[in-house]
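The structure appears below as structure tokens.
Protein chains: 2
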Amino acid sequence: MSSRRDFIQKTALAAFTGAVVPNLVKAANGHLPSTAETIATGATILFQGDSITDAGRDRGQYYANNGGGMGSGYVRHIVTHLLGSMPQKNFRFYNRGISGHKVFQLAERWDDDCLQLRPDVLSLLIGVNDFWHTIDYGYKGTVEIYETDLRKLLERTKKALPQVKLIIGEPFAVAGGSAIDERWEAFAGYRPAAKKIAADFGAVFLPYQSIFDEALKLAPAEYWTPDGVHASMAGSYLMAKAWLEGWKRI
Amino acid sequence: MSSRRDFIQKTALAAFTGAVVPNLVKAANGHLPSTAETIATGATILFQGDSITDAGRDRGQYYANNGGGMGSGYVRHIVTHLLGSMPQKNFRFYNRGISGHKVFQLAERWDDDCLQLRPDVLSLLIGVNDFWHTIDYGYKGTVEIYETDLRKLLERTKKALPQVKLIIGEPFAVAGGSAIDERWEAFAGYRPAAKKIAADFGAVFLPYQSIFDEALKLAPAEYWTPDGVHASMAGSYLMAKAWLEGWKRI
Numbered sequence: 020m021s022s023r024r025d026f027i028q029k030t031a032l033a034a035f036t037g038a039v040v041p042n043l044v045k046a047a048n049g050h051l052p053s054t055a056e057t058i059a060t061g062a063t064i065l066f067q068g069d070s071i072t073d074a075g076r077d078r079g080q081y082y083a084n085n086g087g088g089m090g091s092g093y094v095r096h097i098v099t100h101l102l103g104s105m106p107q108k109n110f111r112f113y114n115r116g117i118s119g120h121k122v123f124q125l126a127e128r129w130d131d132d133c134l135q136l137r138p139d140v141l142s143l144l145i146g147v148n149d150f151w152h153t154i155d156y157g158y159k160g161t162v163e164i165y166e167t168d169l170r171k172l173l174e175r176t177k178k179a180l181p182q183v184k185l186i187i188g189e190p191f192a193v194a195g196g197s198a199i200d201e202r203w204e205a206f207a208g209y210r211p212a213a214k215k216i217a218a219d220f221g222a223v224f225l226p227y228q229s230i231f232d233e234a235l236k237l238a239p240a241e242y243w244t245p246d247g248v249h250a251s252m253a254g255s256y257l258m259a260k261a262w263l264e265g266w267k268r269i
Numbered sequence: 020m021s022s023r024r025d026f027i028q029k030t031a032l033a034a035f036t037g038a039v040v041p042n043l044v045k046a047a048n049g050h051l052p053s054t055a056e057t058i059a060t061g062a063t064i065l066f067q068g069d070s071i072t073d074a075g076r077d078r079g080q081y082y083a084n085n086g087g088g089m090g091s092g093y094v095r096h097i098v099t100h101l102l103g104s105m106p107q108k109n110f111r112f113y114n115r116g117i118s119g120h121k122v123f124q125l126a127e128r129w130d131d132d133c134l135q136l137r138p139d140v141l142s143l144l145i146g147v148n149d150f151w152h153t154i155d156y157g158y159k160g161t162v163e164i165y166e167t168d169l170r171k172l173l174e175r176t177k178k179a180l181p182q183v184k185l186i187i188g189e190p191f192a193v194a195g196g197s198a199i200d201e202r203w204e205a206f207a208g209y210r211p212a213a214k215k216i217a218a219d220f221g222a223v224f225l226p227y228q229s230i231f232d233e234a235l236k237l238a239p240a241e242y243w244t245p246d247g248v249h250a251s252m253a254g255s256y257l258m259a260k261a262w263l264e265g266w267k268r269i
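Line order of the protein sequences matches chains A and B.
For the first sequence, the numbering used here assigns the number 20 to the initial residue and increments by one for each residue that follows.
For the second sequence, the numbering used here assigns the number 20 to the initial residue and increments by one for each residue that follows.
This is the structure in structure tokens:
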């Protein structure tokens with residue numbers, strides 16, 4: 020069974036997760052130094068966003084490092100990895116993603132769900148609903164509102180927490196997912212907005228759209244994200260892999 | 020913040036997860052060749068056991084590779100890793116651990132929860148309740164019953180599925196966990212029983228007790244397994260790391 024085809028597949032796959040994903044992240048962050056070792060012992064790391072981050076977390080389990088509170092998505096894979104591999108760092112992880120949220124809804128709960136926690140690292144993935152809800156739920160937002168609201172949110176964050184380090188994920192919509200149709204072409208504008216904001220705020224930027232687009236060469240959308248928005252276990256692995264690479268640049 | 024102490028800690032930790040855990044697994048399986056690449060495309064991998072494997076899985080989500088059905092423990096971390104990093108293998112993963120179960124209870128549901136699934140790889144972690152329930156729930160088992168029942172279960176499995184490859188985890192109880200007291204000294208006999216059976220059946224053996232014992236040098240039991248039996252996220256990472264090393268020998 021150790022055929023030539025298997026060998027070639029293995030090489031391609033090892034290259035994909037072992038090199039392609041990290042290289043996409045490196046390419047998006049070449050202007051940032053590699054500095055992960057400066058993340059202090061006891062640092063607080065906060066994950067914020069929508070359902071992709073929420074991933075079914077038990078909101079009553081809101082304490083740091085609580086397993087039930089981490090959900091079942093990319094956040095859990097990252098936190099499991101870092102708590103397991105860096106025990107003496109005493110990192111404090113929180114997941115405060117809430118399903119369905121757009122930027123203005125993060126702003127409404129930002130005192131409780133970000134500023135009070137005083138994160139040293141804020142990881143933010145937001146934007147898909149800022150678009151999606153305009154086509155399916157009558158939301159009146161635009162890409163300009165998304166960009167303006169996100170800048171305001173980050174300015175407010177930096178004012179309250181001048182030392183906070185930022186990781187911003189690219190909002191994505193994966194072609195072939197059951198929720199994605201031609202109307203989603205207009206979503207393309209949200210991604211450069213997020214990228215530009217990341218650059219302006221000195222944030223690590225995680226090019227999730229590029230990563231999923233590359234992943235489609237290996238398996239269909241259904242494998243990585245059945246609806247094109249929410250990651251499967253396999254898709255969560257790609258996101259976690261990218262995040263852990265970006266983390267080295269924080 | 021990139022102090023000398025941080026450097027030393029980093030080195031020690033990198034050695035622990037990067038080398039100590041894999042080396043403990045290698046040492047326990049030196050007699051087996053390194054053959055992971057022979058695991059066929061489309062292989063079915065079944066996780067069986069008790070609550071450590073179950074980890075709160077949604078039993079209604081029993082389809083292969085279903086995220087909700089994987090629970091939140093070591094199984095989820097392994098499956099996420101392998102689905103994400105080896106997409107073209109089309110592996111089919113099932114979790115059929117059930118909380119509280121002992122070997123005889125696996126035997127009762129073995130037709131439905133193992134043989135019908137026709138696994139190519141069976142990963143089995145069982146034994147802690149075979150002891151625990153004798154001290155806390157009036158169960159009348161002994162280590163001899165555990166060993167006899169487990170041998171019978173594996174003989175039955177090999178008879179129905181002669182080609183099945185086996186991974187057997189060492190049942191463990193971590194000193195300092197809230198459920199562990201002096202009565203647990205008698206549990207020590209269950210571990211060599213599992214190890215001997217693994218050797219007799221040509222199974223990969225995962226020395227979880229040794230791994231957790233080593234991990235206690237870096238952080239207390241509460242960090243890895245608060246009650247000494249059920250792994251935290253950090254503990255699940257160690258188990259997954261060991262499993263993925265053992266998997267290379269299957």
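We put the beta carbon where it would ideally sit given N, CA and C, even for glycine.
Just so it is clear, the structure is predicted and the values come from calculations on it, not from any experiment.
- Give the secondary structure of residue 7/B by DSSP, where H, G and I count as helix, E and B as strand, and everything else as coil. Residue coverage of chain B in this structure runs from 20 to 269, which leaves residue 7/B outside it and unanswerable.
- Quick one: grab the DSSP three-state call for residue 135/B. Three-state result, residue 135/B: helix.
- Query: If you drop the 5 nearest sequence neighbours on each side, which residues of the same chain put their C-beta closer than 7 Å to that of residue 210/A?
  - Reply: 189, 190, 228
- Beta-carbon spacing of residue 256/A, residue 100/B below 9 Å: yes
- Message: Along the stretch 234–254 of chain A, where does the CB come closer than 7 Å to a CB of chain B? Name the residues.
- Response: Correct list: 237, 238, 242, 251, 252, 253.
- Can you find a CB in chain A that lies within less than 9 Å of the CB of residue 183/B? no
- Item | Given residue 252/A as reference, the closest of 269/A, 90/A, 146/A once Cα atoms are compared | The shortest C-alpha separation from residue 252/A is found at 90/A.
- Pick out whichever of 259/A, 177/A, 205/A has its Cα sitting closest to the Cα of residue 230/A. 259/A
- Item | Alpha-carbon spacing of residue 115/B relative to residue 155/B, whole angstroms | 24 Å
- Query: Does the Cβ-Cβ distance between residue 67/A and residue 125/A come in under 9 Å?
  - Reply: yes
- Task: Determine the direct distance from the alpha carbon of residue 78/B to that of residue 88/B, and round the result to whole angstroms.
- Result: 6 Å
- Query: Distance, Cα to Cα, residue 26/B vs residue 74/A?
  - Reply: Any reading at residue 26/B needs caution, since the residue's pLDDT is 49, under 50, leaving its predicted position unreliable; the model's value is listed next. Spanning the two alpha carbons is a distance of roughly 35 Å.
- Task: Give the residues of chain C in contact with residue 99/A, contact being defined as C-beta atoms less than 7 Å apart.
- Result: No chain C is present in this structure, whose protein chains are A and B.
- Message: Based on DSSP bridge pairs, tell me the residues matched to residue 63/B.
- Response: The bridge partners DSSP lists for residue 63/B are 111/B.
- Task: Consider the Cβ of residue 270/A: report whether some Cβ of chain B lies at a distance smaller than 9 Å.
- Result: Because residue 270/A is not part of the residues shown, which for chain A are 20 to 269, the question remains open.
- Task: Identify the contact partners of residue 229/A in chain B, using a Cβ-Cβ distance below 8 Å as the criterion.
- Result: Those within 8 Å of residue 229/A in chain B number zero; the least Cβ separation is about 16 Å.
- Message: Can you confirm whether residue 83/B, when its beta carbon is compared against all beta carbons of chain A, has any partner nearer than 9 Å?
- Response: no
- Message: Which of the three DSSP states is assigned to residue 223/A in this structure?
- Response: strand
- Message: I need the straight-line Cα distance from residue 128/A to residue 153/A, nearest angstrom please.
- Response: 22 Å
- Message: If I measure Cβ to Cβ from residue 165/A and keep anything under 7 Å in the same chain, skipping five residues before and after, which residues do I get?
- Response: 122, 146, 149, 209, 212
- Same chain, Cβ closer than 7 Å to residue 172/B, neighbours up to 5 away in sequence not counted: 122, 125, 126, 129
- In terms of residues, what are the limits of the alpha helix (DSSP H) holding residue 254/B? 252–265
- residue 119/A by DSSP, collapsed to three states: which one? coil
- Query: How would you call residue 181/A, buried or exposed, if buried means at least 16 neighbouring beta carbons within 10 angstroms?
  - Reply: exposed
- Query: Which residues of chain B have a Cβ atom closer than 7 Å to the Cβ of residue 86/A, listed in chain order?
  - Reply: 91, 251, 252
- Message: Counting only Cβ pairs nearer than 8 Å, list the residues of chain B close to residue 180/A.
- Response: None at all; the shortest Cβ gap to chain B is about 17 Å.
- Taking residue 249/B and residue 117/B to be in contact with their CB atoms under 8 Å, please state how far apart those CB atoms are, rounded to whole angstroms. Between residue 249/B and residue 117/B a beta carbon distance of about 14 Å is seen, past the 8 Å cut, so the two are scored as non-contacting.
- Item | Which of helix, strand or coil DSSP assigns to residue 186/A | strand
- Item | Limits of the alpha helix (DSSP H) - the one that residue 71/A falls within | 70–73
- According to a CB-to-CB cut-off of less than 7 Å, which residues of the stretch 133–144 of chain B neighbour chain A? none
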